[in-house]
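*Asks:* Once you've had a glance at the structure underneath, I'll fire off some questions.
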């Protein structure tokens with residue numbers, strides 16, 4: 029009898045503790061948003077002039093002079109949008125999004141996340157923009173986000189795989205042009221970890237949402253929202269797995285595991301992390317706060333790279349149309365001294381910007397090597413989707429990822445995954461760039477978006493340290509092909 033009572037008491041105590049813990053987790057009323065962001069956000073209409081007080085007490089006077097945009101010829105989507113402003117009397121033209129960092133003009137730092145030229149109610153809903161351009165301003169020499177308050181949200185190398193960053197034109201579906209708002213990081217399904225970018229609170233885990241959450245939280249089984257002391261919300265989407273520690277209302281720390289990358293939800297069948305920040309905008313709505321500059325700053329602080337090559341965004345062109353490939357947004361701590369393009373037609377170039385034409389439709393991956401003054405190197409790839417000029421038909425795409433992407437040593441097993449899309453089952457052939465035989469695998473056997481076997485998987489071990497350019501190809505109709513390249517760095521033991 030006594031033993032039974034003791035068992036009952038212990039069980040009851042555990043139940044009470046669980047309920048109390050759950051109650052504390054869900055309400056978390058002591059969390060305060062008490063940090064003022066270092067940036068200032070301004071929405072401007074054409075011809076409008078505003079004076080802005082900056083974080084250091086200084087002031088800047090802005091006037092929007094013009095907004096211009098250029099469209100690509102395949103889908104008719106905007107591929108470049110620019111705002112021309114007068115900043116403290118100095119005229120500057122800012123390209124919107126698409127892997128652009130803030131620039132210095134008129135004694136301040138400034139960027140343009142989005143312009144009003146991007147069409148459609150959905151785009152304006154993402155950004156909550158009701159003017160002709162949005163600009164953000166920082167004091168000269170200031171960091172872009174408060175140091176120590178933001179961590180790179182995914183455990184992988186810079187530009188390790190496919191990315192769709194701020195305002196890249198993605199697709200046209202049922203007449204709606206989709207420009208990506210937020211950041212997509214291609215990564216290996218079920219292996220690549222994502223982590224909390226901030227110290228804060230879990231606003232939602234899947235379908236569980238804290239009562240205090242503001243409108244930006246949209247509950248979905250594969251989604252987590254975090255909230256920080258700035259009052260900003262951080263969305264993580266398409267997660268294959270959410271960590272048990274991530275419970276609605278729980279506190280989170282920078283670098284804490286959130287879960288694993290997947291292709292759940294409205295992923296399009298690609299394995300990736302969708303990451304975006306929502307904050308109150310000048311319009312009064314909860315819109316996207318572009319995070320490219322924050323990602324850049326945090327990656328530099330945490331990984332100390334010597335060189336960061338950038339040859340993105342993706343390009344769409346018709347056959348025999350000229351495309352301009354641009355690696356000038358690359359960076360090196362000691363300064364960039366050389367650009368070396370190795371193009372798929374066998375030609376090379378040593379300028380930051382190079383032009384190319386393609387005779388056949390396909391998906392091409394053009395390689396650039398960026399070298400610093402002290403001899404350090406990095407690589408990136410410009411993806412070019414070429415459509416048939418006669419028919420407008422595009423070749424089915426090919427995605428590829430690898431894991432791990434950091435701290436690989438000779439002999440370590442590296443997992444490579446690929447998935448063809450838009451062309452049924454895809455025979456994907458891998459060349460690991462080390463002289464070893466090619467390896468083929470069939471992907472997309474089941475074309476369903478969330479098919480567990482959507483990606484084909486192969487493994488490889490590199491025998492020696494070095495930089496390896498790994499290429500995967502898939503033949504398409506009429507002699508065309510889709511290709512994808514990855515840069516794998518193998519460190520010395």
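Residue numbers (my numbering): 29 to 521.
Here a beta-carbon is modelled for each residue, glycine too, at the ideal position from N, C-alpha and C.
#1: Report back the beta-carbon spacing between residue 232 and residue 241 to the nearest angstrom; my notes put them in contact at under 8 Å.
#2: How long is the line joining the alpha carbons of residue 262 and residue 226, rounded to whole angstroms?
#3: If you run the structure through DSSP and keep just helix, strand and coil, what is residue 148?
#4: In its own chain, which residues sit with a C-beta less than 7 Å from the C-beta of residue 86, not counting the 5 before and 5 after it?
#5: Measuring only the C-alpha atoms, how far is residue 476 from residue 366?
#6: Per DSSP, which residues does residue 167 bridge with? Please list them.
#7: Counting only the same chain and skipping the five closest in sequence on each side, list residues whose C-beta sits under 6 Å from that of residue 111.
#8: Please report the straight-line C-alpha distance between residue 487 and residue 446, rounded to a whole angstrom.
#9: Between the C-alpha atoms of residue 407 and residue 238, what's the straight-line distance to the nearest angstrom?
#10: Tell me the rounded alpha-carbon separation between residue 497 and residue 461.
#11: Taking the C-alpha atoms as reference points, what is the distance between residue 381 and residue 412?
#12: Among residues of its own chain, excluding the 5 on either side of residue 362, which ones have a beta-carbon nearer than 8 Å to its beta-carbon?
#13: Compute the Euclidean distance between the alpha carbons of residue 348 and residue 137, then round it to the nearest angstrom.
#14: Leaving out the 5 sequence neighbours to the left and right, which residues in its chain are closer than 6 Å to residue 214 when beta-carbon positions are compared?
#15: What's the gap between the Cα of residue 506 and the Cα of residue 421?
#16: Where does residue 501 land, buried or exposed, given buried means 16+ other C-beta within 10 angstroms?
#17: Nearest CA to the CA of residue 326: which residue from 79, 515, 115 and 181?
#18: Out of 389, 482 and 79, state which residue places its alpha-carbon closest to the alpha-carbon of residue 295.
#19: Using CA atoms only, rank isn't needed, just tell me which of 479, 416, 228 and 207 is closest to residue 124.
#20: So, using beta-carbon positions, are residue 79 and residue 89 closer together than 9 Å?
#21: How far does the alpha helix (DSSP H) with residue 322 in it extend, from its first residue to its last?
#22: What beta strand (DSSP E) runs, 3 residues minimum, are completely inside the region 402 to 444?
#23: Using the rule of at least 16 other Cβ atoms within 10 Å of the residue's Cβ for burial, across every protein chain shown, is residue 520 buried or exposed?
#24: How many whole angstroms separate the CB atoms of residue 432 and residue 493, which I take to be in contact at a CB cut-off of 8 Å?
#25: Take the Cβ of residue 200 as the centre, count every other Cβ of all protein chains shown within 10 Å, and call the residue buried at 16 or more, exposed below.
#26: Indicate the three-state DSSP secondary structure (helix, strand or coil) for residue 269 in the structure shown.
#27: Would you say residue 311 and residue 158 are within 9 Å of each other, going by their C-beta atoms?
#28: Residue 331: buried (16+ other C-beta within 10 angstroms of its C-beta) or exposed?
#29: Under the DSSP definition of a beta bridge, which residues are partnered with residue 192?
#30: Express the C-alpha separation of residue 474 and residue 452 in angstroms, rounding to a whole number.
#31: DSSP state of residue 154, grouped into three classes?
#32: Do residue 229 and residue 280 have their CB atoms nearer than 9 Å?
#33: What's the gap between the Cα of residue 410 and the Cα of residue 436?
#34: In the structure shown, what three-state DSSP assignment does residue 114 receive?
#35: How would you call residue 216, buried or exposed, if buried means at least 16 neighbouring beta carbons within 10 angstroms?
#36: Do you know how far the Cα of residue 458 is from the Cα of residue 468?
*Replies:* Straight from the coordinates:
#1: Stepping through the chain shown from its first residue, residue 232 is reached at position 204. Stepping through the chain shown from its first residue, residue 241 is reached at position 213. 6 Å between Cβ atoms; contact.
#2: The residue you call residue 262 lines up with position 234 of the chain shown. The residue you call residue 226 lines up with position 198 of the chain shown. Rounded to whole angstroms, residue 262 and residue 226 show a C-alpha spacing of 9 Å.
#3: Within the chain shown, residue 148 is the residue found at index 120, counting from 1. In the structure shown, residue 148 sits in coil (DSSP, three-state: anything other than H, G, I, E or B).
#4: Mapped onto the chain shown, residue 86 falls at position 58. For residue 86, where only same-chain residues beyond five positions count, the Cβ hits under 7 Å are 167.
#5: Translated into the one-based positions of the chain shown, residue 476 becomes position 448. Translated into the one-based positions of the chain shown, residue 366 becomes position 338. Here the alpha carbons of residue 366 and residue 476 stand approximately 44 Å from one another.
#6: Locating residue 167 in the chain shown gives position 139, counting from the first residue. Answer is 136.
#7: Position 83 of the chain shown, counting from 1, holds the residue named residue 111. For residue 111, the CB contacts under 6 Å within the same chain, skipping 5 residues up- and downstream, are 95, 122, 140, 143 and 161 in chain order.
#8: Reading the chain shown from its first residue, position 459 is the one you call residue 487. Reading the chain shown from its first residue, position 418 is the one you call residue 446. The alpha-carbon atoms of residue 487 and residue 446 are separated by roughly 12 Å.
#9: As a working mapping, residue 407 is identified with position 379 in the chain shown. As a working mapping, residue 238 is identified with position 210 in the chain shown. Approximately 43 Å, taken between the alpha carbons.
#10: To locate residue 497, count along the chain shown from 1; it is residue 469. To locate residue 461, count along the chain shown from 1; it is residue 433. Residue 497 and residue 461 have their C-alpha atoms some 5 Å from each other.
#11: As a first step, residue 381 is located in the chain shown; it is residue number 353 there, counting from the start. As a first step, residue 412 is located in the chain shown; it is residue number 384 there, counting from the start. Cα to Cα, the separation comes out at about 15 Å.
#12: Sequence index remark: in the chain shown, residue 362 carries index 334 (1-based). Answer for residue 362: 334, 400, 401, 402 and 404, listed in chain order.
#13: Residue mapping note: residue 348 aligns to position 320 of the chain shown, counting from 1. Residue mapping note: residue 137 aligns to position 109 of the chain shown, counting from 1. Computed Cα separation, rounded: 39 Å.
#14: Locating residue 214 in the chain shown gives position 186, counting from the first residue. Taken in chain order, the residues that qualify are 189, 190, 300 and 429.
#15: Your numbering for residue 506 matches position 478 in the chain shown. Your numbering for residue 421 matches position 393 in the chain shown. Distance between the alpha carbons of residue 506 and residue 421: 12 Å.
#16: The count along the chain shown starts at 1 and reaches residue 501 at position 473. Buried is the call here.
#17: Here residue 326 refers to the residue found at position 298 of the chain shown. Checked all of 79, 515, 115 and 181; the closest Cα to residue 326 is 181.
#18: Taking the chain shown and counting its residues from 1, the one referred to as residue 295 is at position 267. Nearest in C-alpha terms to residue 295, of all of 389, 482 and 79, is 482.
#19: By 1-based counting over the chain shown, the position of residue 124 is 96. Proximity to residue 124 across 479, 416, 228 and 207 peaks at 207, based on C-alpha coordinates.
#20: As a position in the chain shown, residue 79 is number 51, starting the count at 1. As a position in the chain shown, residue 89 is number 61, starting the count at 1. Their beta carbons are under 9 Å apart, which means residue 79 touches residue 89 by this criterion.
#21: Translated into the one-based positions of the chain shown, residue 322 becomes position 294. Unbroken alpha helix (DSSP H) run through residue 322: 320 to 331.
#22: Qualifying beta strand (DSSP E) stretches, in chain order: 405 to 415 and 426 to 431.
#23: Locating residue 520 in the chain shown gives position 492, where the first residue counts as 1. Around the Cβ of residue 520, a 10 Å sphere holds fewer than 16 other Cβ atoms; the residue is exposed.
#24: Residue 432 sits at position 404 when you count from the first residue of the chain shown. Residue 493 sits at position 465 when you count from the first residue of the chain shown. With a Cβ gap of about 15 Å, residue 432 and residue 493 do not count as contacting.
#25: Here the question's residue 200 lines up with position 172 in the chain shown. Residue 200 is exposed by the Cβ-count criterion.
#26: Position 241 of the chain shown, counted from the first residue, corresponds to residue 269. Note: residue 269 maps to strand in three-state DSSP.
#27: By 1-based counting over the chain shown, the position of residue 311 is 283. By 1-based counting over the chain shown, the position of residue 158 is 130. Yes, these two residues count as a Cβ contact at 9 Å.
#28: For the purposes of this step, residue 331 is taken as residue 303 along the chain shown, with counting starting at 1. Exposed is the label assigned to residue 331, since fewer than 16 other Cβ atoms lie within 10 Å of its Cβ.
#29: Working through the chain shown from its first residue, we reach residue 192 at position 164. Answer by DSSP bridge pairing, in chain order: 212.
#30: Numbered from its first residue, the chain shown carries residue 452 at position 424. Numbered from its first residue, the chain shown carries residue 474 at position 446. Cα to Cα, the separation comes out at about 8 Å.
#31: Taking the chain shown and counting its residues from 1, the one referred to as residue 154 is at position 126. The three-state secondary structure of residue 154, taken from DSSP, is helix.
#32: One-based indexing of the chain shown puts residue 229 at position 201. One-based indexing of the chain shown puts residue 280 at position 252. Cβ atoms of residue 229 and residue 280: closer than 9 Å.
#33: What you label residue 410 is simply residue 382 of the chain shown in a count that begins at 1. What you label residue 436 is simply residue 408 of the chain shown in a count that begins at 1. In this structure, the CA atom of residue 410 is about 24 Å from the CA atom of residue 436.
#34: What you label residue 114 is simply residue 86 of the chain shown in a count that begins at 1. Note: residue 114 maps to strand in three-state DSSP.
#35: Your numbering for residue 216 matches position 188 in the chain shown. With 16 or more Cβ atoms within 10 Å of its Cβ, residue 216 is classed as buried.
#36: Counting from one through the chain shown, the residue named residue 468 turns up at place 440. Counting from one through the chain shown, the residue named residue 458 turns up at place 430. For residue 468 and residue 458, the gap between their C-alpha atoms comes out near 6 Å.
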